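Q:
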Amino acid sequence: MSKIAIIGATGNVGSRLVEEALRRGHTITALARDTSVVQARPEVGTVNVDALDADALATALAGHDAVFSATRFEPIPASAIVEPVKRAGVPRLLVVGGAGSLYAAPGQRVLDLPDFPAAYKAEATAGAAFLDALRRERDLDWTFVSPSAEFVPGPRTQKFRLGVDELLVDNSGRSWISYDDYAIAFLDEFESDAHVRQRITVGY
Numbered sequence: 001m002s003k004i005a006i007i008g009a010t011g012n013v014g015s016r017l018v019e020e021a022l023r024r025g026h027t028i029t030a031l032a033r034d035t036s037v038v039q040a041r042p043e044v045g046t047v048n049v050d051a052l053d054a055d056a057l058a059t060a061l062a063g064h065d066a067v068f069s070a071t072r073f074e075p076i077p078a079s080a081i082v083e084p085v086k087r088a089g090v091p092r093l094l095v096v097g098g099a100g101s102l103y104a105a106p107g108q109r110v111l112d113l114p115d116f117p118a119a120y121k122a123e124a125t126a127g128a129a130f131l132d133a134l135r136r137e138r139d140l141d142w143t144f145v146s147p148s149a150e151f152v153p154g155p156r157t158q159k160f161r162l163g164v165d166e167l168l169v170d171n172s173g174r175s176w177i178s179y180d181d182y183a184i185a186f187l188d189e190f191e192s193d194a195h196v197r198q199r200i201t202v203g204y
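In this text, residue positions in the sequence shown follow UniProt numbering: the first is 1, and each later residue adds one.
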């Protein structure tokens, strides 16, 4: 089993990644500014760290087999994650992506749609820039895993679809995925390495 560092381990998605990785027998280091809410277990270590402190982050990441990044994009550029990962000598990075950079139609990203909510525009734009930076990266095996448009609490069905760059929509016209099913797909990707240096998306 692998030793995984999860940046942003206390958030809605990061906490699900912790639980799914533990179900599969991996050992976890949970990283966040305040990890006091992380349940103490033998398989889970914790490190309080600011993702923008490159030296501290690189130190915390050293010795792991992979890094999962579940942070927001707007305050944290790709370089703030990628460079410490490389300095730490970790070969694999998987990133919790956003839906804004997916294509709703040929040549039209979700974040560029006329009705895209203004409140989410800055975060979605930053997420797209993060993906663009990863696509220029040649020294790290990365995967950017975008959720569907609605990324919400919900059932753990273990039934979902994977896509590449196009927004997934179900038979009712809804584009959505639960945090728990997303976490399953994310760990599946980590364990299979099926889409190294690619973006994928998950939805119902």
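C-beta: ideal position from N, C-alpha, C; glycine also.
All values reported here derive from a predicted model rather than from experimental measurement.
Where Ala60 and Val67 are concerned, what is the direct C-alpha to C-alpha distance, given to the nearest angstrom?
A: 11 Å
Q: Please check the pair Leu94 and Phe160, which I expect to be a contact at CB under 8 Å, by giving their CB distance rounded to whole angstroms.
A: So it is not a contact: roughly 17 Å between Cβ atoms.
Q: Can you list, in chain order, the residues of its chain whose CB lies under 7 Å from that of Glu189, leaving out five sequence neighbours each side?
A: Leu94, Thr143, Val145, His195, Ile200
Q: Span of the alpha helix (DSSP H) holding Tyr179?
A: 179–192
Q: For Val13, which residues from the same chain have a beta carbon less than 6 Å from its beta carbon, with the 5 sequence-adjacent residues on both sides left out?
A: Ala70, Val96, Tyr179
Q: In the DSSP assignment, find the beta strand (DSSP E) that holds Thr27 and state where it starts and stops.
A: 27–32
Q: Secondary structure at Asp150, three-state DSSP: helix, strand or coil?
A: According to the sequence shown, residue 150 is Glu rather than Asp. Glu150: strand per DSSP, three-state reduction.
Q: Would you tell me roughly how many angstroms separate the C-alpha atoms of Gly11 and Pro84, rounded to the nearest one?
A: 21 Å
Q: Have a look at the DSSP bridge pairing and note the partners of Ile4.
A: Ile28, Ala66
Q: Can you tell me which of Ile81, Gln39, Asp65, Thr27 puts its alpha carbon nearest to the alpha carbon of Val49?
A: Ile81
Q: So, using beta-carbon positions, are Asp165 and Tyr120 closer together than 7 Å?
A: no
Q: Which of the three DSSP states, helix, strand or coil, is assigned to Tyr204?
A: In the three-state scheme derived from DSSP, where H, G and I count as helix and E and B as strand, Tyr204 is classed as coil.
Q: Out of Leu22, Asp55, Val169, Asp53, point me to the one whose CA is closest to Ala40's CA.
A: The shortest Cα separation from Ala40 among Leu22, Asp55, Val169, Asp53 belongs to Leu22.
Q: Going by other Cβ atoms of all chains shown within 10 Å of its Cβ, with 16 needed for buried, is Val37 buried or exposed?
A: exposed
Q: Can you look up Thr125 in the DSSP assignment and give me helix, strand or coil?
A: helix
Q: Can you tell me the Cβ-Cβ gap for Gly100 and Gly127, rounded? I've got them flagged as a contact below 8 Å.
A: 6 Å
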